[in-house]
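Below is one structure, written out as structure tokens, with a few remarks after it.
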Amino acid sequence: MALPQHASRLERVWHWTYLVICGLIFFFLIAPIVVIIPLSFNAEPYFTFTREMLTFDPAGWSLRWYEALLGSDEWMSSIGNSFFIAITSTLIATTLGTLAALGLSRREMPLRALITAFLISPMIVPLIITAAALFAFYARVNLSQTYFAIIMSHVVLGAPFVVITVTAALSGFDNQLIRASQSLGANQTTTFFKVILPLLLPGIVAGALFAFITSLDEVVVVLFLAGPEQTPMTVRMFSGLREEISPTILALASILVALSVLLLATMEMIRRNTEKQRTGG
Amino acid sequence: MSSATATPSGQPLTTADGKPLKQALRAANGRARRNAMLLVLPLFAFLLITYTIPIVQMMTRSVQNPEIAAYLPKTTEAIGDWDKEGLPSEAVYSAMVEDLNDGGRSTIGRAAARLNAELPGARSTMMGSMRAADELAAPFKEGLIADDDEWGKPEIWKLIQRESRTITPAYYLRALDYEYNTDGEVVERPENLQVYRGIFWQTAWMSLLITSLTIILGYPIAYLLSNLPAKKANLLMILVLLPFWTSLLVRTSAWIVLLQQEGVVNDLLVLFNIVGDDGRVRLIYNRIGTIIAMTHILLPFMILPLYSVMKTIPPSLTRAARSMGATPLRAHLTVYFPLTIPGLAAGVLLVFILAIGYYITPALVGGESGVFISNLIADRMTGSLSQLRLALALATLLLVGVLVFYWLFNKLVGVDRLKFG
């Protein structure tokens with residue numbers, strides 16, 4: 001993006017205007033997320049910066065909303081529910097998705113394009129439609145308001161991500177390695193666990209993370225499927241935001257932002273590792 | 282193939298254990314095929330049961346109309362060949378009295394509720410006559426009409442005859458703001474009761490507007506990221522990826538906080554004297570709120586595919602155009618821009634399809650003017666059974682809309698040409 005030496009005045013003006021515009025758009029992208037973090041330490045139940053906060057008066061800052069969050073049985077049990085649902089559905093989605101991706105990448109697989117389209121269709125269909133269909137379905141078989149129904153729906157929503165990431169990882173896979181392993185006397189099982197799986201692991205982990213965050217963050221389907229016992233944190237947050245907003249939600253939101261930073265870092269690490277592997281570094 | 286499996290002497294090639302090679306190959310291929318299919322099977326079967334069946338059920342239930350046929354079986358049978366002239370025959374009246382006598386409170390109640398949805402007042406007529414039914418004697422026609430003169434009007438009988446069909450387009454008519462009139466013809470609903478068509482249009486144009494906004498904001502960012510040296514680009518990429526990975530609810534709550542009348546944005550506007558303290562702008566719980574928040578939430582879905590396409594465009598192309606005398610603008614529009622279309626198309630597809638089905642953000646920041654069709658579907662879902670069917674009809678219409686859009690898009694751009702990164 002460097003400006004050439006011979007740039008005209010007009011080009012210079014445009015160049016800098018362009019950079020300022022980009023700066024503003026980046027600000028638009030990031031500022032809303034960053035701003036809630038300091039606001040969650042507000043000593044007052046307001047959603048704006050008080051004079052005390054702006055002058056860095058310690059009296060304006062407090063941990064009371066974090067204490068309210070961590071001290072609330074309701075919040076803690078719904079956070080527990082969220083993690084239980086997300087972990088269980090991720091395990092199932094990752095297993096089913098990885099197996100399917102392995103099958104889809106075989107040369108002998110018939111109707112590959114059609115079946116792939118079917119397997120990833122829950123990603124394309126708007127969530128409210130999935131929610132309506134699953135709500136009516138599980139109500140009819142008397143399974144609504146059960147963990148079973150929620151976990152099954154989250155597997156449906158998470159598995160496509162696993163299929164996509166593992167398929168992508170397999171497309172860069174060198175089949176010679178399988179032959180090499182077999183020529184050295186390894187049987188199919190050994191080859192799978194010692195050669196194929198370790199190389200696919202980054203793709204599988206990325207897919208699992210996608211499935212995990214999809215479940216943890218999902219609101220629409222659980223809103224209709226979860227009963228009072230299964231209420232996950234997203235539903236509690238949603239109804240909290242709808243009724244009266246308490247800064248406790250900002251405390252939870254800040255924790256979730258920290259979680260997404262962690263996730264982003266993990267994903268970046270996976271990406272770098274795969275790149276290193278591919279370039280043989 | 283056949284010539285390759287035969288030796289010059291005409292003997293077919295065999296494997297070590299004496300099987301013809303061709304056969305052995307076919308067997309091995311079949312085994313590999315079966316293995317591949319077995320790997321796909323678990324997820325395939327799982328989705329079939331827990332996803333496809335519910336979607337198909339949703340479509341079939343949205344046209345089902347079982348109440349009258351199930352709860353008034355004798356009437357349904359008797360009224361089948363009524364010619365809609367005058368009043369039905371004595372046989373129909375007597376069948377109705379039998380049904381009223383046979384059915385318990387709850388079955389007649391459900392049938393009555395179904396009729397009441399189409400003809401207000403029908404419930405009290407039915408429930409009243411149910412209590413009187415066991416004292417009625419032939420002729421039932423006079424008896425029923427004496428009990429409630431509604432039975433002497435053809436409207437209720439026409440309605441019963443129409444609703445005795447177990448399949449009805451009624452919920453789809455309602456979903457498109459049409460209804461049956463008393464003669465059973467399809468007419469538009471009264472203007473003050475029309476809701477759904479308006480919301481369908483609003484959903485479409487707001488999604489279009491949001492998609493356009495993400496193009497306007499996303500294009501420069503993607504261009505900048507793809508032309509910066511890798512180190513700087515990776516650093517700035519975090520600013521796109523962090524919102525992408527941040528919970529939807531977190532981002533929506535951030536906008537609620539920011540856009541409130543006592544929120545940060547209004548505080549800043551007051552601070553810079555753009556508005557007075559008493560003239561704080563209403564930025565949320567209306568259309569503006571939905572548009573701002575959804576543009577923010579969907580922007581990364583535009584930037585990422587655009588970026589992945591732009592990164593593959595060699596900068597020498599625009600330089601060549603410049604050296605041939607093109608102005609920067611012309612070089613960009615005629616050389617660079619057309620090459621970015623696959624990425625742009627992917628972004629448009631993603632953002633538009635995600636936007637059109639959005640529920641959470643409009644529900645939280647949309648107020649009354651900024652709602653999407655999803656919000657109405659959700660509202661109707663937990664009501665009575667007929668409301669659920671209406672919700673399923675609306676959802677099916679939305680699904681058809683998305684599929685049509687997808688199909689059109691595929692025709693125009695080609696989905697397989699898209700690049701997602």
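Going down the list, the sequences are from chains U and L.
Taking my numbering, the leading residue of the first sequence gets 1, the next gets one more, and so forth.
Taking my numbering, the leading residue of the second sequence gets 282, the next gets one more, and so forth.
Where is the CB? At the ideal position from N, CA and C, for every residue including glycine.
**Q.** Contacts around residue 613 of chain L, its chain only, beta-carbon distance under 8 Å, and the 5 residues preceding and following it disregarded
**A.** Here the question's residue 613 of chain L lines up with position 332 in the second sequence. Result list for residue 613 of chain L: 599, in chain order.
Q) Using a C-beta to C-beta distance shorter than 7 Å, which residues of chain U count as neighbours of residue 662 of chain L? A) Numbered from 1 along the second sequence, position 381 holds the residue referred to as residue 662 of chain L. Residues of chain U passing the Cβ test: 132, 135 and 224.
Q. Of all the CB atoms in chain U, is at least one closer than 8 Å to the CB of residue 559 of chain L?
A. Locating residue 559 of chain L in the second sequence gives position 278, counting from the first residue. Closer than 8 Å: no.
Q | Beta-carbon spacing of residue 208 of chain U, residue 116 of chain U below 8 Å | A | Locating residue 208 of chain U in the first sequence gives position 208, where the first residue counts as 1. Locating residue 116 of chain U in the first sequence gives position 116, where the first residue counts as 1. One thing to note: residue 208 of chain U has its Cβ no nearer than 8 Å to the Cβ of residue 116 of chain U.
Q) Per DSSP, residue 467 of chain L is paired with what? A) Mapped onto the second sequence, residue 467 of chain L falls at position 186. Beta-bridge pairing links residue 467 of chain L to L:461.
Q | DSSP three-state assignment for residue 265 of chain U, whether helix, strand or coil | A | In the first sequence, the residue the question calls residue 265 of chain U occupies position 265. In the three-state DSSP reduction, residue 265 of chain U falls in the helix class (H, G or I).
(Q) Mapping the DSSP letters down to three states, classify residue 438 of chain L as helix, strand or coil. (A) Numbered from its first residue, the second sequence carries residue 438 of chain L at position 157. Correct three-state label for residue 438 of chain L: helix.
Q) So with Cβ pairs under 8 Å, would you call residue 641 of chain L a contact of chain U? A) Along the second sequence, read from residue 1 onward, the residue named residue 641 of chain L stands at position 360. Answer yes: the Cβ-Cβ gap between residue 641 of chain L and chain U drops below 8 Å somewhere.
Q. Using a threshold of 7 Å, is the CB atom of residue 309 of chain L nearer than that to any non-hydrogen atom of the ligand GTP?
A. The ligand GTP is absent from the structure shown, which contains no ligand whatsoever.
Q: State yes or no: is the beta carbon of residue 567 of chain L nearer than 8 Å to at least one beta carbon in chain U?
A: Translated into positions along the second sequence, residue 567 of chain L becomes position 286. Not one chain U Cβ lies under 8 Å of residue 567 of chain L.
Q. Starting from residue 199 of chain U and walking both ways along the alpha helix (DSSP H), at which residues does that stretch end?
A. Here the question's residue 199 of chain U lines up with position 199 in the first sequence. 197 to 217 is the extent of the alpha helix (DSSP H) around residue 199 of chain U.
Q.
Helix, strand or coil, according to DSSP, for residue 685 of chain L in the structure here?
A. By 1-based counting over the second sequence, the position of residue 685 of chain L is 404. Looking at residue 685 of chain L - three-state DSSP - the assignment turns out to be helix.
(Q) Distance cutoff 8 Å, beta carbons only. Does residue 582 of chain L sit that close to anything in chain U? (A) Here residue 582 of chain L is taken as the residue at index 301 of the second sequence, counted from 1. Closer than 8 Å: no.
Q: Check the Cβ-Cβ distances between residue 233 of chain L and every residue of chain U, and say whether any is below 8 Å.
A: No information on residue 233 of chain L is available, as it lies outside the stretch 282 to 702 that chain L covers here.
(Q) Does the CB of residue 103 of chain U have a neighbour CB from chain L at under 8 Å? (A) Working through the first sequence from its first residue, we reach residue 103 of chain U at position 103. Interface residue, yes.
Q.
Comparing C-alpha positions only, which one of L:623, L:344, L:674 and L:668 sits nearest to residue 694 of chain L?
A. Taking the first residue of the second sequence as 1, we reach residue 694 of chain L at position 413. Looking at L:623, L:344, L:674 and L:668, the one whose alpha-carbon comes closest to that of residue 694 of chain L is L:623.
Q. Whole alpha helix (DSSP H) runs in the segment 153 to 192 of chain U with 4 or more residues, listed along the chain?
A. Taking only runs of at least 4 residues, the alpha helix (DSSP H) segments lying wholly in the segment 153 to 192 of chain U are 176 to 183 and 188 to 191.
Q | Which of helix, strand or coil DSSP assigns to residue 420 of chain L | A | Within the second sequence, residue 420 of chain L is the residue found at index 139, counting from 1. Residue 420 of chain L: coil per DSSP, three-state reduction.
Q | Paired residues, beta bridge with residue 61 of chain U - DSSP | A | Position 61 of the first sequence, counted from the start, is the residue given in the question as residue 61 of chain U. Its beta-bridge partners are U:42.
Q: Can you have a look at residue 647 of chain L and say buried or exposed, based on whether 16 or more other CB atoms are within 10 angstroms of its CB?
A: One-based indexing of the second sequence puts residue 647 of chain L at position 366. With 16 or more Cβ atoms within 10 Å of its Cβ, residue 647 of chain L is classed as buried.
Q: Counting only the same chain and skipping the five closest in sequence on each side, list residues whose C-beta sits under 6 Å from that of residue 630 of chain L.
A: For this step, residue 630 of chain L is matched to residue 349 along the second sequence. So the qualifying residues of the chain are 690.
Q | Sufficient close CB pairs (3 or more, under 8 Å) joining the segment 576 to 589 of chain L to the segment 504 to 523 of chain L | A | Counting C-beta pairs with one atom in each stretch, the segment 576 to 589 of chain L and the segment 504 to 523 of chain L have three or more that are closer than 8 Å, which means they touch.
Q: Would you kindly work out how many angstroms separate the C-alpha atoms of residue 217 of chain U and residue 529 of chain L, rounded to a whole number?
A: Walking along the first sequence from the start, residue 217 of chain U turns up at place 217. Walking along the second sequence from the start, residue 529 of chain L turns up at place 248. Rounded to whole angstroms, residue 217 of chain U to residue 529 of chain L spans 7 Å at the Cα level.
(Q) For residue 149 of chain U, which residues in the same chain have their Cβ closer than 8 Å to its Cβ, ignoring the five residues on either side in sequence? (A) If you number the first sequence from 1, residue 149 of chain U lands on position 149. In the same chain as residue 149 of chain U, and ignoring 5 residues on each side of it, the C-beta atoms closer than 8 Å to its own belong to 134, 138, 143 and 225, in chain order.
Q. Taking the alpha helix (DSSP H) that residue 564 of chain L falls in, what are its first and last residues?
A. Working through the second sequence from its first residue, we reach residue 564 of chain L at position 283. Where residue 564 of chain L is concerned, there is no enclosing alpha helix (DSSP H), given that its DSSP letter is neither H nor E.
Q.
Please report the straight-line C-alpha distance between residue 45 of chain U and residue 29 of chain U, rounded to a whole angstrom.
A. As a position in the first sequence, residue 45 of chain U is number 45, starting the count at 1. As a position in the first sequence, residue 29 of chain U is number 29, starting the count at 1. Roughly 26 Å between the two C-alpha positions.
(Q) Any beta carbon from chain L within less than 8 Å of residue 52 of chain U's own beta carbon? (A) Taking the first sequence and counting its residues from 1, the one referred to as residue 52 of chain U is at position 52. Not an interface residue.
Q) With DSSP run on the structure shown, which of helix, strand or coil describes residue 283 of chain L? A) By 1-based counting over the second sequence, the position of residue 283 of chain L is 2. Note that residue 283 of chain L scores a pLDDT of 46, beneath 50, so its modelled location is shaky and nothing firm can be said.
Q) Who are the neighbours of residue 109 of chain U on chain L, taking C-beta pairs under 8 Å? A) Here the question's residue 109 of chain U lines up with position 109 in the first sequence. For a Cβ distance threshold of 8 Å, residue set 314, 317, 318 and 321 of chain L lies close to residue 109 of chain U, ordered along the chain.
Q) Taking residue 357 of chain L as the reference, which of L:550, L:406 and L:376 has the closest Cα? A) By one-based count along the second sequence, residue 357 of chain L stands at place 76. Taking residue 357 of chain L as reference, the option from L:550, L:406 and L:376 with the minimal CA-CA separation is L:376.
Q: Look up residue 248 of chain U in the DSSP assignment and give the residues it is bridged to.
A: In the first sequence, the residue the question calls residue 248 of chain U occupies position 248. For residue 248 of chain U, no pairing in a beta bridge is given by DSSP.
Q: Just the C-alpha distance for residue 282 of chain L and residue 310 of chain L, rounded to the nearest angstrom, thanks.
A: Along the second sequence, one-based indexing puts residue 282 of chain L at 1. Along the second sequence, one-based indexing puts residue 310 of chain L at 29. With a pLDDT of only 43 at residue 282 of chain L, under the threshold of 50, the placement of this residue in the model should not be trusted; the figure read from the coordinates follows. Distance between the alpha carbons of residue 282 of chain L and residue 310 of chain L: 15 Å.
Q: Between the Cα of residue 211 of chain U and those of U:105, U:231 and U:166, spot the shortest distance and give me the residue it belongs to.
A: Locating residue 211 of chain U in the first sequence gives position 211, where the first residue counts as 1. When each option's Cα is compared against that of residue 211 of chain U, the closest is U:166.
Q | Interfacial residues, the segment 661 to 681 of chain L to chain U, with Cβ spacing under 7 Å | A | Residues of the segment 661 to 681 of chain L with a Cβ closer than 7 Å to any Cβ of chain U, in chain order: 662, 669, 672, 673, 676, 679 and 680.
**Q.** DSSP-derived helix/strand/coil call for residue 555 of chain L
**A.** Residue numbering aside, residue 555 of chain L sits at position 274 when the second sequence is read from its first letter. In the structure shown, residue 555 of chain L sits in coil (DSSP, three-state: anything other than H, G, I, E or B).
Q) Per the contact definition of three or more C-beta pairs closer than 8 Å, is the segment 226 to 244 of chain U in contact with the segment 526 to 542 of chain L? A) They touch, by the three-pair rule.
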